[in-house]
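Chains as they are written, first to last, in my numbering: chain A, 105 to 374; chain B, 126 to 422.
Structure first, commentary second.
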C-alpha cells in the first residue's frame with residue numbers, strides 16, 4: 105500500500121502485504137522485461153513493483169530509455185513480461201498514445217462507435233453513447249467531422265472519448281499531450297482531471313514533463329533509465345483542481361526535477 | 126484509501142465558477158481557430174472535368190491540322206475514323222464487339238480481384254509465402270501479355286479459356302503485389318490501437334487492416350484493371366477468338382491494311398480505358414483520399 109506522506113516515500117512504497125490483499129486496479133509484481141536474442145539480451149525493465157488503487161491517478165515519470173512504453177504495453181496486455189506478473193483485474197485497459205491514432209477513414213463519432221462495437225455494445229445503443237462521450241469531452245458538434253478537420257487538441261479529446269468507449273476502468277496514457285502546444289495542453293489537463301473524477305477512472309499516465317505529472321497525479325513514480333527501475337515516488341498531497349502555475353505544483357516539481365536530473369547525470373558518469 | 130483523499134470532492138473539478146466557463150469558451154475558441162473549413166465542391170468538379178476535355182479537343186485539332194497539311198499520306202482524317210465507327214455501328218458489329226470485350230474484361234477482372242486480393246493479404250500475413258511467391262509474381266508482372274498468348278493457346282486451345290488465362294496471368298500478380306504493398310504501408314500505430322481495442326484476427330482485418338489499406342487496395346485494383354484490359358486486347362488480337370471483340374476489329378483492320386479501321390479500333394480501346402478510369406477508379410480514389418484529408422486542394 106502506498107503510504108500517504110507529504111515527504112517523498114522511499115521506493116518501493118508498494119510492498120505487498122500478504123494477509124490483507126488490498127484492492128488494486130493495476131498491479132505489477134517483480135516485472136522484468138528483456139528484448140533481443142538469447143545471449144545478447146537487453147534488459148529494459150528491471151524488477152518493477154507498482155500498484156495502482158481503483159480510482160487512483162498515477163504518473164510515471166522518466167527520461168528516455170526508462171521503458172515507459174514497454175511498461176504500458178505489458179499492462180495493456182500487448183506484450184508479456186520476461187519474468188514477474190502484470191495483473192489488471194478489471195479487464196483490458198484502454199490505451200491512449202502521443203499520436204491520436206484515430207482511424208482516418210472514419211468520422212470522429214464513428215471512431216468512438218467502433219470502440220463501442222468492439223466492446224460489445226449493441227448497435228441500437230452505440231450512436232447515443234458515442235454522442236454522450238463526445239459531449240463529455242466537450243465536442244458535441246464533432247460527430248460527423250473527419251479526423252483531418254479537427255485540431256490537435258480536438259483529436260486527442262476524441263481519442264479520449266474513444267478510449268472511454270472501451271468501457272474500461274483503467275486508462276493507460278502514453279505521453280498523450282506531448283505533441284500539443286502549451287495552451288491546448290493546459291486545457292486538456294483540466295479536461296482529463298474532470299473526466300477522471302467524473303468517471304472514477306484508474307489512470308496510469310506516462311510523461312517526461314515533471315510539472316504535468318505533479319499537476320495531474322495523486323502519485324508520481326520516478327523511473328530510472330536503462331534498465332527501467334522504480335527510483336523513487338512521491339504522493340502529491342495537493343487539492344484538486346490544480347493549476348500548472350500553483351506554488352505547490354511548482355515547488356514539488358522543482359524537487360522531483362532535481363532527482364530526475366540526478367538520474368540522468370548518473371548515466372553521464374559511467 | 127488514504128491516497129484518494131487528495132482528490133477532494135468529486136465535483137471540485139467542475140465547480141470553478143466563472144473560471145470554468147472561461148475554460149469552455151477558450152476551448153471552443155481554440156477549436157474554431159484550428160479547425161479547417163470544408164471545401165467547395167462544385168468548383169472542384171469543374172476543375173477536374175475541364176482539363177481532360179480540353180486535352181481531347183486539342184488532340185483532335187492537331188490531328189485535323191496534320192491531315193489538312195498532309196504531314197502523312199497514310200493518316201486519315203478524324204472524320205474518316207469517325208465514319209468507320211459509324212459504319213460499324215450501323216451494320217451492327219460495333220456494339221457486340223464492344224460488349225463482348227468489356228464483358229470479358231469485367232469477368233476476368235472480377236475473377237482476378239477475387240483471387241488477387243486474398244492472395245495479397247496472405248502475402249503480408251505469411252512471410253514464407255512471400256519469400257517464395259514474391260519473386261514469381263514480380264517476374265510474371267514483367268512478362269508482356271504477348272508472350273503468354275502462345276503458351277495459353279497451346280495449353281488450352283484457341284478458346285475463350287485461353288483469353289481468360291492471359292487476363293488472369295496479367296491482372297492477378299499486379300493486384301496481389303499492389304494489395305500487399307498497400308497493407309505494408311498501414312501505420313503500425315493504427316494496428317496497435319486496434320489491437321488494444323480488441324480488434325484481433327478476422328475482426329482486426331475487417332475493421333482496421335482493410336480500411337486502413339483501402340487507398341492501396343484501390344490503386345492495386347486500378348492497376349489490375351489496366352493490366353487485364355491490355356492483356357485482353359493482346360489476346361483478342363493474337364488468338365482467333367470465336368466471338369467478336371475489339372481486338373478482332375483491330376486484327377481485321379490490320380488484315381485489310383485500313384489505317385482508318387485500325388485507328389477506329391484504337392480509339393475504342395482508348396475510350397473504354399479512359400471511361401473506366403475517369404468514371405470509376407479516379408472518382409473512387411479521390412473520394413477515399415479526400416475523406417482522409419490526403420488530397421491537396
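We put the beta carbon where it would ideally sit given N, CA and C, even for glycine.
These numbers were taken from a predicted model, which means no experiment stands behind them.
Residue burial is scored here from C-beta neighbours: residue 248 (chain A) has fewer than 16 other C-beta atoms within 10 angstroms and is therefore classed as exposed.
In its chain, beyond the 5 residues on either side, 350, 354 have a beta carbon closer than 8 Å to the beta carbon of residue 401 (chain B). Along the stretch 361–383 of chain B, none of the residues has a CB nearer than 7 Å to a CB of chain A.
Take the alpha-carbon of residue 178 (chain A) and the one of residue 185 (chain A): they are about 6 Å apart.
Two segments are said to touch when three or more pairs of C-beta atoms, one from each, lie closer than 8 Å; by this definition the stretch 186–193 of chain A does not touch the stretch 201–208 of chain A. According to DSSP, residue 300 (chain A) shares a beta bridge with no other residue. Close to residue 333 (chain A), with beta-carbon spacing below 9 Å, lies no residue of chain B; the smallest spacing is near 22 Å. Under DSSP, residue 133 (chain A) forms a beta bridge with A:189.
In the three-state scheme derived from DSSP, where H, G and I count as helix and E and B as strand, residue 242 (chain A) is classed as coil. At least one beta carbon of chain A lies nearer than 8 Å to the beta carbon of residue 418 (chain B).
In this structure, the alpha-carbon of residue 265 (chain A) lies about 6 Å from that of residue 238 (chain A). Closer than 8 Å to the CB of residue 149 (chain B) there is at least one CB belonging to chain A. For residue 154 (chain B), the nearest beta carbon of chain A is not closer than 8 Å to its own beta carbon. Three or more Cβ pairs closer than 8 Å define a contact, and the stretch 227–241 of chain B meets that threshold against the stretch 294–303 of chain B.
Residue state for residue 267 (chain B) is assigned as helix, using DSSP reduced to three classes.
Residue pairing by DSSP places residue 339 (chain A) opposite A:323 in a beta bridge. A Cβ-Cβ distance of about 12 Å is found for the pair residue 242 (chain A) and residue 302 (chain A), leaving them out of contact under the 8 Å criterion. Using a C-beta cut-off of 8 Å, the stretch 287–298 of chain B makes contact with the stretch 256–274 of chain B, since at least three inter-stretch Cβ pairs fall below that distance. Residue 322 (chain A) sits close to residue 161 (chain A), with the two beta carbons spaced by under 8 Å.
Residue burial is scored here from C-beta neighbours: residue 282 (chain B) has fewer than 16 other C-beta atoms within 10 angstroms and is therefore classed as exposed.
For residue 331 (chain B), the three-state secondary structure derived from DSSP is helix.
Distances from the alpha-carbon of residue 393 (chain B) to those of B:310, B:325, B:210 put B:210 closest. Residue burial annotation: residue 355 (chain A) is exposed, with fewer than 16 other C-beta atoms found within 10 angstroms of its C-beta.
Under the Cβ distance rule, residue 299 (chain B) does not count among the residues neighbouring chain A, no pair being separated by less than 8 Å. DSSP lists A:135 as the beta-bridge partner residues of residue 152 (chain A). The shortest CA-to-CA distance from residue 257 (chain A) to any of A:276, A:282, A:236, A:158 is the one to A:282.
Between the stretch 349–364 of chain A and the stretch 309–324 of chain A there are three or more inter-stretch CB-CB distances shorter than 8 Å, so the stretches are counted as touching. Residue-level contact check: residue 346 (chain B) does not touch chain A, since none of the beta carbons of chain A fall below 8 Å from its beta carbon.
Against chain B, the CB of residue 228 (chain A) has no partner CB under 8 Å away; the residue lies outside that interface. Using a Cβ-Cβ distance cut-off of 8 Å, the stretch 329–345 of chain A and the stretch 164–174 of chain A are in contact, since at least three pairs of beta carbons, one from each stretch, lie closer than that value.
Distance from the CA atom of residue 376 (chain B) to the CA atom of residue 397 (chain B), rounded to whole angstroms, is 18 Å.
In this structure residue 194 (chain A) is not in contact with residue 278 (chain A), their Cβ atoms being roughly 19 Å apart against a cut-off of 8 Å. Close to residue 257 (chain A), with beta-carbon spacing below 9 Å, are these residues of chain B in chain order: 152, 155, 156, 159. If the five residues before and after residue 206 (chain B) are omitted, its C-beta is found closer than 6 Å to the C-beta atoms of 385, 388, 389, all from its own chain and listed in chain order.
Residues of chain B with a Cβ closer than 9 Å to the Cβ of residue 152 (chain A) do not exist, since the nearest Cβ in that chain sits about 19 Å away.
The distance from the Cβ of residue 149 (chain A) to that of residue 135 (chain A) is about 6 Å, consistent with a contact at the 8 Å cut-off.
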